[in-house]
Each structure stands twice: as structure tokens, then as C-alpha cells.
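J.: Residue numbers (the working numbering), protein chains in the order written: chain A, 1 to 323; chain B, 324 to 646.
Next up, the structure:
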């Protein structure tokens, strides 16, 4: 995994992925006590950064692989990213999704042409199902984060952050990234190490699912006690990836952890002040930027709002925090 | 009023206004039966395109005018745009707002440094109050639409649409614009006439406040029966502007009219499919793009989502249409 793969992915994604803007609000700056810049990947195609990685991986396949098709497992955002990218390349896609994934994510994946196969998150192992089906049908498995071409695609988010921050005169900043398996974090870390070396990337996670923060602290990959039940469905991976963790370990000083209540308040503030819709798992980085002010250090903090595919009952719960 | 003023405004706004992206969703294309591109000015500073016009006008003032300060009347979005632009230029701003304006708009205007003076929309005339205070205190009145530098600022939205659509290979399209007094519509119409001559600009308005559609039909400025009570507070102007109407008359073939129910459904779809928050008055153009399919003609329709400053009770009403 290296910066050249990210540059190559950026070339393939040119004109395909959306260049999301860098947003801000004086009202959020006031809450945070510093300048906050938000990279709203909820505005990306399929409503999350995952389209970048899905398109990057599929556009790197050879003809034989394209003909056979692809398979992916995902709680929902990678599913939609792979489904749309596969449709754009006119190749079949099988997607393994947990039965308790948000209804909108399952419905969207199907509508984008993905053939969805459900599984029980508590009882079954999605990796095993993925490898089995991949072997049986000759499908190329596109892992959600432990795959160099996927990390490369997510890393293009970092290239844009470096360029857009520079245009605002910002070279030094802590960059907070919502972290599940670490594909987005490690991709952005590699991109910024090359193009904005004064920036420092930190992970952000919800309470009880802070495997990356604890892994960065101990230097070893540790596992969450629970693998389901949290509100931030998009980032409830059990442990950092095999490929992503060494990258994060060498580039990310530490991880931030936020509460579900802070996540809901952040979703409401993003609605009110930025006019964007973010899902719980996509709100943890901005939540840390707004509410962890004592442990943050830089005058400017950049937060990635990684996705916006939220069932509206949860969104309405978030809006209630404004009352 | 001419294209040179728009180009000059674009130069002053460079690095100040946000270049909002052009969004799309395969799910919206399916509803509309054609390609729909959305220009989300809800993502602009202060949550609406009005910042462009406010900044354009204030950045064109001379030193003496800056020292005395500015005054504006507005239902809320122009208020916030002028207040922020005035603060950025370090000059005082008095804003005349109707007492029944959405609470968030009044609160934001004050928080951005504007000195807010309330009035009764049914009983008092805001233009009279504006002229009186302007004369008494030597303040420069920045009208919300009948002011060339304001129209020029709003017109920069059109320059971006022309450039961004061209990058997607789109040169021919109907462009639907949410219309109150016509500042945004006439600015965009002038910009596109120069830079995307195959595009046609149409207004969009809510039922019972369709003064522009009826004025375009009759060739004369007509007045709405009521001046308050509608859901689309941002665009409830009584009649098209003196400066804006002749521009619209020569560039806009016709206007679209949508129902409040269509507006609420559109706000919900924008939330669900685009991950953006739009207010009722900012949703009428996209509502026309989605629901007036039989009277639209081009394969691609571009809709401006002009603002996102909505009280969350109305937003929650919109979300209920998804159930």
C-alpha cells in the first residue's frame, strides 16, 4: 500500500466521484472554540465515501474478473458503493448484508442492482460467507477495508482535503476520521503524509466500539467486546484491519471516543448549521471536533462526515435534541 | 444590469462564496423520468444563495458608505447574507424582519451581528421602513432583489451552473429557479444567456404565490392576493421586481407552480436521496423538476435548491411523508 496507488485511483475516479466541498459554520466554530472544517462525504454518490473505494477496486479489475462479477460484505455503505460501481461497469454484484442493517441501506443496495444475501450478525461470520461464495462462483471479493485498491479509493478523500485546506490557507490541522475497519483513515493518512505533512490524522469512534483507539494505545490490534447493538452501524467493526492497522499505527497518534448522545447532538447541529444529513457512524468525527475541545490541540480541526444513510426514525431522534 | 456586473461580482466573491457542487441521484432521476441535477445553495454560507448578493453589494460600497453602515429588509435569508457579509467587512448592519419570520432566521441574523428591527407583515410596509431609516441614519439600503449588485452576486450561481454542467457534458437543459422577487432568477438567466445559451430558465413558485408565473404569462407584473400565510416564507414576495421582471420577461419562457404537499415530499426526498436540508421556499424548483414531468421538455433538468433555513417542526412534517 503506497501513495502511488492513491494517485492512480484518483485518476480512475476523475469525473466519476464527486469532489465534495469543505464546509464550515461560524456557529460550529463557536461551539468548538476553534475553526472547524467539515468534509461532507455524505454528499458523495450513494451517500458515503464508500463509493470511492468500490469504484477504485472495480475499475482496477481485469476483463475476466469483470465478466465473472464481484462479491462484497457490508453493513450497508460499502454495499451501495460496490453496487453502483458494478452497475456503472455493467458487471454483476452479490452483496452480503446483516439482517439488522438499516432498511434504507438494504433497499438502496437492491435498487442499485446488487443481489443481496442476508446473514445474522451475531451468529454468522460474513468473511467466511464471502470467501465461500467467492470460491464457489469465481467472484472477486471486494473487502470493505483490507484491500489496497479500496484503501486507495478512500485515500482520494485525503488528496481533496489537502488541496481544499491549502486554498483556505490551512496547512496545520488535526484531521478526525470516522473509523470502522480503518480503510478511510489509513487512506487519508497516507495521502496527507505526502501532501499535507503538517496535518495529523486521528480516528473517531463511538463508546464501546473503540477498538481502534485502544489498539493505537496498546500498539496491538484489540477486539471489541460486542459486535452489534450500537447506534453507529456503519463503523461497528470488531477490530482494525490487518493492512490498515500498521498504516494507522505509524501515522495516527491517537483515537477519539464519543458518546451516543454527542453523536445525536452532532447530527442535529449538522442539519441546523451545515444543512447536511449525516448518519450516526458518519457523525463521530465531527462530534469529537465539537465536544473533545480540551484534548484537541490545533487552531483548525478538520472532520470527515463520512456518510448520510440514516433511517429517519433515528434522524428524528437526533432532531429532538434541538428542542 | 448586464453580464459584466456578474463577472465583476464573481471576481469579488472569489475565495469568499462557496462553490456548491452539482448533485444528483439515480433515485430522483427515476421519479422524474429524466436526468435531474441539483445546485444546492443551501450549502452556501448562511444556508442560502443570498450570501452571494449580500457580499457582492457590500464589497462594491465606497469607504464613506462602509463607515455609515447598511440596512436591509428580508424575511430571513437576505438578512443573514447581509449580516455575515457586513461583519466580514467590519461594518454595522440594521436588518428589518417580519415578526413571523422563522425563529432560526431571526436568531441567526442576530448571532451574525445584525441589529434586527421587527415589523408586522400584514400591517406595515417594509420598503417604507427601510427608506425611512436609511434616510434618517445615512445607511445604504441593500434591497433584496431590485439592486444590480445583488442580482450580479446571485448571477454567479449561474456561472457555476454553466461550468459544472459543461463538465458533465450537459449544454441543453431547462433550469428551474425558486423565485421570490426574481433576483436569483434574473441573475442566473443573464449568466446562462452568455455562457450556456442552449439552457432555458424557468421560475418555480408555490400555489397562491405564483405572481411571477402569472406575470410572465400576461407580460405585466401582477400581484398576489395574499402576502403572508404560505409555508414557503423565503419567496412570498407580492410581485416581481421592477428591475428583475424585464430581465425575466426576455429570458424566461414560463413559470412552474407546485403545491405545499409536493414541497414537503421534495424536502423529504432531498433529505433521503441527496443528504441535504432544504427549506420549503428552497424546494419549489426541485419539486417542479420531480413532479411536473409532463410539461418539462429537456432530457436534463437543473434545479436550484436555493436555501436550507427551516424550523425543524416543518422539517419533521416533511419527514413524515416518508412513512
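Every residue gets a Cβ at the ideal spot worked out from N, C-alpha and C, and that includes glycine.
To which residues does DSSP link residue 362/B through a beta bridge?
T.: DSSP lists 627/B as partners of residue 362/B.
J.: Can a CB atom of chain B be found closer than 8 Å to the CB of residue 263/A?
T.: No, its Cβ sits nowhere closer than 8 Å to a Cβ of chain B.
J.: Grab the span of the alpha helix (DSSP H) containing residue 317/A for me, first residue to last.
T.: It spans 312-319 - the alpha helix (DSSP H) in which residue 317/A sits, taken as one unbroken run.
J.: Output yes if chain B places a C-beta closer than 8 Å to the C-beta of residue 47/A; else output no.
T.: So yes, residue 47/A belongs to the interface.
J.: Please report the distance separating the alpha-carbon of residue 462/B from that of residue 395/B.
T.: Distance between the alpha carbons of residue 462/B and residue 395/B: 9 Å.
J.: Just checking: is the beta-carbon of residue 165/A within a distance shorter than 8 Å of some beta-carbon in chain B?
T.: Taking Cβ atoms only, chain B never reaches closer than 8 Å to residue 165/A, which makes this a no.
J.: Pick out the complete alpha helix (DSSP H) segments inside the segment 266-306 of chain A, 4 residues or longer, and give them in chain order.
T.: Correct list: 280-291.
J.: In terms of residue numbering, what span does the alpha helix (DSSP H) encompassing residue 136/A cover?
T.: Looking at the DSSP string, the run of the alpha helix (DSSP H) that includes residue 136/A is 126-137.
J.: Answer yes or no: does any C-beta atom of chain A fall closer than 8 Å to that of residue 342/B?
T.: Closer than 8 Å: yes.
J.: Of all the CB atoms in chain A, is at least one closer than 8 Å to the CB of residue 598/B?
T.: Taking Cβ atoms only, chain A reaches closer than 8 Å to residue 598/B, which makes this a yes.
J.: How would you list, in chain order, the residues of chain A whose beta-carbon sits under 9 Å from the beta-carbon of residue 579/B?
T.: The premise fails here: residue 579/B is roughly 23 Å from chain A at the closest Cβ pair, so nothing lies under 9 Å.
J.: Considering only the alpha carbon of each residue, which of 167/A, 234/A, 81/A, 144/A lies closest to residue 17/A?
T.: Out of 167/A, 234/A, 81/A, 144/A, 81/A has the C-alpha closest to the C-alpha of residue 17/A.
J.: Residues of chain B with CB under 7 Å from residue 308/A, in chain order?
T.: Those are 598, listed as they occur along chain B.
J.: Would you identify the three-state DSSP class for residue 425/B, choosing helix, strand or coil?
T.: In the structure shown, residue 425/B sits in coil (DSSP, three-state: anything other than H, G, I, E or B).
J.: For residue 538/B versus residue 568/B, is the C-beta spacing smaller than 8 Å?
T.: Taking 8 Å as the Cβ cut-off, residue 538/B and residue 568/B qualify as a contacting pair.
J.: Looking at chain C, which residues of the segment 512-533 of chain B have a Cβ within less than 9 Å of any of its Cβ atoms?
T.: Annotation note: the requested chain C is absent from the structure, which comprises protein chains A and B.
J.: Counting contacts by CB-CB distance shorter than 8 Å, is residue 434/B in contact with chain A?
T.: For residue 434/B, the answer is yes, since a Cβ of chain A falls inside 8 Å of its Cβ.
J.: What residue from 441/B, 414/B, 416/B, 356/B has the CA that sits closest to residue 426/B's CA?
T.: Residue 426/B has its Cα closest to that of 441/B, out of 441/B, 414/B, 416/B, 356/B.
J.: Less than 8 Å between C-beta atoms, sequence neighbours within five positions excluded: which residues of the same chain meet that for residue 325/B?
T.: Cβ neighbours of residue 325/B beyond the five flanking positions: 513.
J.: Are the CB atoms of residue 236/A and residue 266/A within a distance shorter than 8 Å?
T.: No, the Cβ-Cβ distance between residue 266/A and residue 236/A is not below 8 Å.
J.: Could you round the C-beta distance between residue 97/A and residue 106/A to whole angstroms and report it? I think they count as a contact, below 8 Å.
T.: Right, their Cβ atoms sit about 6 Å apart.
J.: If contact means a Cβ-Cβ distance below 9 Å, which residues of the segment 411-440 of chain B contact chain A?
T.: The segment 411-440 of chain B vs chain A, Cβ under 9 Å: 427, 431, 434, 435.
J.: Can residue 93/A and residue 114/A be called in contact, C-beta distance under 8 Å?
T.: Cβ atoms of residue 93/A and residue 114/A: closer than 8 Å.
J.: Which residues of the segment 331-364 of chain B have a Cβ closer than 9 Å to any Cβ of chain A? Give them in chain order.
T.: Against chain A - using a Cβ distance shorter than 9 Å - the residues of the segment 331-364 of chain B are 338, 341, 342, 343, 344, 345, 346, 347, 348, 349, 350, 353, 363.
J.: Hey, does residue 331/A have any beta-carbon neighbour from chain B nearer than 8 Å?
T.: This structure cannot settle anything about residue 331/A, because the visible part of chain A is limited to 1 through 323.
J.: Rounded to the nearest angstrom, what separates residue 69/A and residue 99/A at their Cα positions?
T.: Those two C-alpha atoms are separated by around 23 Å.
J.: Identify every residue that forms a DSSP beta bridge with residue 177/A.
T.: DSSP output for residue 177/A lists 203/A as bridge partner(s).
J.: Since residue 347/B and residue 605/B should fall inside the 8 Å C-beta cutoff, what is the C-beta to C-beta distance between them, to a whole number of angstroms?
T.: In fact, because the Cβ distance is near 17 Å, the residues do not count as touching under 8 Å.
J.: Under the rule that 16 or more other beta-carbon atoms within 10 Å means buried, what is residue 491/B, buried or exposed?
T.: Under this definition residue 491/B is an exposed residue.
J.: Indicate whether residue 259/A and residue 205/A have their beta-carbon atoms separated by less than 8 Å.
T.: Not closer than 8 Å, so no.
J.: For chain B, find out if any of its Cβ atoms is closer than 8 Å to the Cβ of residue 312/A; answer yes or no.
T.: Cβ-Cβ to chain B under 8 Å: yes for residue 312/A.
J.: Give me the Cα-Cα distance between residue 362/B and residue 123/A, rounded to the nearest whole angstrom.
T.: Distance between the alpha carbons of residue 362/B and residue 123/A: 45 Å.
J.: Which whole-angstrom value describes the C-beta separation of residue 499/B and residue 626/B, a residue pair presumed to lie in contact below a C-beta threshold of 8 Å?
T.: Between residue 626/B and residue 499/B the Cβ distance is about 5 Å, and since that is below 8 Å, they are a contact.
J.: In its own chain, which residues sit with a C-beta less than 8 Å from the C-beta of residue 352/B, not counting the 5 before and 5 after it?
T.: So the qualifying residues of the chain are 358, 359.
J.: Whole beta strand (DSSP E) runs in the segment 32-81 of chain A with 3 or more residues, listed along the chain?
T.: Taking only runs of at least 3 residues, the beta strand (DSSP E) segments lying wholly in the segment 32-81 of chain A are 35-40, 70-73.
J.: Hey, quick one: how far does the alpha helix (DSSP H) through residue 441/B stretch, first residue to last?
T.: Run containing residue 441/B: none in the alpha helix (DSSP H); it sits in the beta strand (DSSP E), 438-442.
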